[in-house]
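J.: Just so we're aligned, residue 216 is where the sequence shown starts under the working numbering, counting upward by one. Note that beta-carbon positions come from the ideal geometry of N, C-alpha and C, so glycine has one too. Predicted, not measured: the structure shown is a model, and the values here were computed from it. Have a look at this one before I ask anything.
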Amino acid sequence: MVDKSKDLDLIPAIAPAKDEVASYRRSSRSDAPKQSNFNGLLVFTIALMAIMMGVGGYTLWEVQNKLAQANALLEQGQKNIRDLEDRLAATGTDVSKTLQEMKEQQKTNVSEIDKLWGVSYRQNRPKIQELESSIAKLRERDKALDTQIGNQVASVNKVTSRFDTFSNDMVELRQSLIQDNEEMTTQVSMVRSQIQDQATIVEGNRRNVTALQNRMKDAEEAIEVIDKYRAQTNRKLVDLETRIQQQAGTAP
216 MVDKSKDLDL IPAIAPAKDE VASYRRSSRS DAPKQSNFNG LLVFTIALMA IMMGVGGYTL
276 WEVQNKLAQA NALLEQGQKN IRDLEDRLAA TGTDVSKTLQ EMKEQQKTNV SEIDKLWGVS
336 YRQNRPKIQE LESSIAKLRE RDKALDTQIG NQVASVNKVT SRFDTFSNDM VELRQSLIQD
396 NEEMTTQVSM VRSQIQDQAT IVEGNRRNVT ALQNRMKDAE EAIEVIDKYR AQTNRKLVDL
456 ETRIQQQAGT AP
């Protein structure tokens, strides 16, 4: 037990750097086997205490069985007394003789009870003394474990303090990231608003282009009508000119 305490005293302090998370994790992994040895010792002690409690429980069970037997004998004696009283009332037997028999039976019962108690005491006393000795040893081991646990708690408190410092740094970093994110969100919202404005302008231009296309189509249709009308007019002029020439050629 002392050797294990010395080994546990040699456990190095876990000292992760404040600004390096990876270093802290490596330190935690390097100390895990030593913490596991301490946990194994604690489990062994608890298991030993459970075994001793089981032995004590078994001893108590034996004592209770002896008491149950004694109570059964006493109850049987009382029952015999009641039976004798009933018989006396029915047959008129000599009361003094019956009472003497009852007293003898009661003495016999008391003697049997004393014997049972003596046997139980002689059998269980060494076990009880052994249990008391084991409990005393366990208490001494508990004191040693308390010392070891105190050392472990001190180491854990140091690690906890460093972890709290690291957590505070992480909180500050998170707040900084949140602030940067809010600024970025504001900028994205502004750009999105500008894009929406540009989209509105583009949509207006698209409608204007569509209107211009419709107007061009109407103009082309009008030009086509005019061209057809011009062609008809030209044909009429040519026909008229031909007739005039024909009439001029046939004139005297």
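Is the Cβ-Cβ distance between residue 288 and residue 327 less than 8 Å?
T.: Cβ distance < 8 Å, so residue 288 and residue 327 count as in contact.
J.: Give the straight-line distance between the Cα atoms of residue 296 and residue 344, rounded to the nearest whole angstrom.
T.: Straight-line Cα distance between these residues: approximately 40 Å.
J.: Is it buried or exposed for residue 285, if we count other Cβ within 10 angstroms and need 16 for buried?
T.: Label assigned to residue 285: buried.
J.: With three or more C-beta pairs closer than 8 Å as the rule, is the segment 256 to 270 touching the segment 355 to 367?
T.: The segment 355 to 367, when compared against the segment 256 to 270, does touch it at the 8 Å Cβ threshold.
J.: Could you tell me the distance, in whole angstroms, from the CA atom of residue 410 to the CA atom of residue 387?
T.: Using only the alpha carbons, I get a separation of about 34 Å.
J.: Rounded to whole angstroms, what is the Cα-Cα separation between residue 368 and residue 354?
T.: In a straight line, the C-alpha of residue 368 is about 20 Å away from that of residue 354.
J.: To the nearest angstrom, report how far apart residue 439 and residue 426 are at their CA atoms.
T.: Cα to Cα, the separation comes out at about 20 Å.
J.: Distance check for residue 264 and residue 358, CA to CA, integer angstroms please.
T.: So the alpha carbons of these two residues sit roughly 14 Å apart.
J.: At the level of alpha carbons, what is the spacing between residue 341 and residue 381?
T.: Rounded to the nearest angstrom, the two C-alpha atoms are 58 Å apart.
J.: Leaving out five residues before and five after residue 418 in sequence, what residues of the same chain have Cβ atoms less than 6 Å from its Cβ?
T.: So the list is empty, once near-sequence residues are dropped.
J.: On the criterion of 16 or more Cβ atoms from any shown chain inside 10 Å, does residue 459 qualify as buried, or is it exposed?
T.: Counting Cβ neighbours within 10 Å, residue 459 comes out exposed, since fewer than 16 surround it.
J.: Residue 267 and residue 349 - do their beta-carbons sit closer together than 8 Å?
T.: In contact: residue 349 and residue 267 (Cβ atoms closer than 8 Å).
J.: To the nearest angstrom, report how far apart residue 400 and residue 371 are at their CA atoms.
T.: Between residue 400 and residue 371, the C-alpha separation is close to 41 Å.
J.: By alpha-carbon positions, which one of 351, 290, 448 ends up nearest to residue 321?
T.: The option with the nearest alpha carbon to residue 321 is 290.
J.: Please classify residue 272: is it buried, with 16 or more other beta-carbons within 10 angstroms of its beta-carbon, or exposed?
T.: By the 10 Å Cβ count, residue 272 comes out exposed.
J.: Which value, in whole angstroms, describes the spacing of the CA atoms of residue 319 and residue 278?
T.: When rounded, the distance between both Cα atoms is 26 Å.
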